[in-house]
Structure formats: structure tokens, C-alpha cells
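Peer 1:
Numbering (this note's numbering), first residue to last: 97 to 302.
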């Protein structure tokens, strides 16, 4: 049986779990990775993973270098006027990916030859961050909106930090926010465009 406590001879169990998590997430992606798989790689009891990180999203957040928990992050993003949420989200993401030591960039760096790293970050951002935000906003099609925002942000990061397409690569934060935030805001809070199209079509046929 697997021991319930720390790995024999390893004093920094938390660091061992984080290393195992980065390996598992890189190999399987965010959605397909389980806490049991991470525990098996780290050779610890699954209860220790929960003890240190609380949940899978907490573990992934720590693995990609988020200093605060996801719940704290979401509370901060939701604080303030709703019409500024897109801007706050884009600014947060830019700070995350533009950090010289950002693990997110390390994950995305393989995106040019392997879509798995980009998919992993997109799944986490789209499901655990954006998806939960739009659920709080109680807007329709929360999962689709979260996916669209995640794709937008990950795509921007790949072009800016990995492929380094100019002028995006050297653009300052304010310029990127000015262009990208309105699109993100629309994904988050705009009415369903297909519903509007249906109404217009119905009006024209009467």
C-alpha cells in the first residue's frame, strides 16, 4: 500500500507534488489529469495533494505560478464595475504571461510544435477561471463564452511571447488592453448574437 504520509527521504513534499503535477499536466492536459495520477507520480497519498492544494484547480494554479488561489483571483477580477471586467481580465493575463519567470510561458513555448501545452492552459483558463466568472454573471452559454475568452487570451500569448509576431510582441500593456479588452468584454457579457439574429429574421418575415 502507498504510505499515507510524506515520501521516505523527501522533506519537501509540496515541491515533489508540484513537480509531479507539472509532469502530469504536460503529458495529459488539464482535464484528463486526476489528483490520483499526480499522487502516484509523486509517490504520496492522494490526501496529501488535497491537503496542500485543496483541489485540482488549486494544484494547477500553483503549478503555473499563480501566487494566490483561484477563488481569490476570481474575487479580485469580479470586484469593480461589470463593464470593466474584460479590461481587468486582460491586464491580469498580460501580467501573468509577461513575467520573465512565468511557468505559463514555459508551457506555451512548445505550442509551435505541440498543441497540448496550449490546450492545457486554455482548458484551465476557459473552465476554471473564465467559466466560473461567467457562471457568476449568470449569462447564457457560460461554457462557450469561457472557451472563446480562453482561446482569445491563449492565442494572444502565443503570438506575443512564443512566435513573437510584431508589433504585438513589443506592444505595451495599455495598447494590447485597448484592442483586446472590448472583445473579451463582449464574450463575457454581450447578449447571445444568435438570439438577436433569430429575432431580426422573425421580424423580417412577418
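Even for Gly, the Cβ is constructed at its ideal location relative to N, Cα and C. Since this is a predicted model, take the numbers as computed values, not measurements.
Could you give the DSSP three-state label for residue 108: helix, strand or coil?
Peer 2: coil
Peer 1: In angstroms with no decimal places, state the Cα-to-Cα distance between residue 111 and residue 159.
Peer 2: 10 Å
Peer 1: Would you decide whether residue 262 is buried or exposed? Buried here means 16 or more other CB atoms lie within 10 Å of its CB.
Peer 2: Burial is judged here by how many other beta carbons sit within 10 angstroms of a residue's own beta carbon; residue 262 has fewer than 16 and is exposed.
Peer 1: Need the endpoints of the alpha helix (DSSP H) that residue 286 sits in, please.
Peer 2: Unbroken run through residue 286: none, as it is neither H nor E.
Peer 1: When you compare the CB positions of residue 186 and residue 257, do they come within less than 7 Å of one another, or not?
Peer 2: Taking 7 Å as the Cβ cut-off, residue 186 and residue 257 do not qualify as a contacting pair.
Peer 1: If we ignore side chains and look at the alpha-carbon of each, how far apart do residue 266 and residue 118 end up?
Peer 2: Each residue's alpha carbon lies about 29 Å from the other.
Peer 1: Using 8 Å as the threshold, is the region 134-149 in touch with the region 170-184, meaning 3 or more CB pairs across them?
Peer 2: no
Peer 1: Can you tell me which of 190, 174, 140 puts its alpha carbon nearest to the alpha carbon of residue 276?
Peer 2: 190
Peer 1: Put residue 177 into one of helix, strand or coil per three-state DSSP.
Peer 2: The answer is coil: DSSP assigns residue 177 none of H, G, I, E or B.
Peer 1: Does DSSP put residue 183 in a helix, in a strand, or in coil?
Peer 2: helix
Peer 1: Taking buried to mean at least 16 other C-beta atoms within 10 Å of its own C-beta, is residue 295 buried or exposed?
Peer 2: At residue 295, the pLDDT of 45 sits below 50, so the modelled position is not reliable; the number obtained from the coordinates is stated separately. The residue in question, residue 295, is exposed, as its Cβ has fewer than 16 Cβ neighbours within 10 Å.
Peer 1: Please name the residue in 280, 116, 114, 140 whose C-alpha comes closest to that of residue 227.
Peer 2: 280
Peer 1: Which same chain residues end up closer than 6 Å to residue 245 when comparing Cβ atoms and leaving out the 5 residues on each side of it in sequence?
Peer 2: 226, 280, 283
Peer 1: If contacts are defined as beta-carbon pairs under 8 Å, then residue 134 and residue 109 qualify, I think. What distance do you get, rounded to the angstrom?
Peer 2: The Cβ separation is near 12 Å, so there is no contact.
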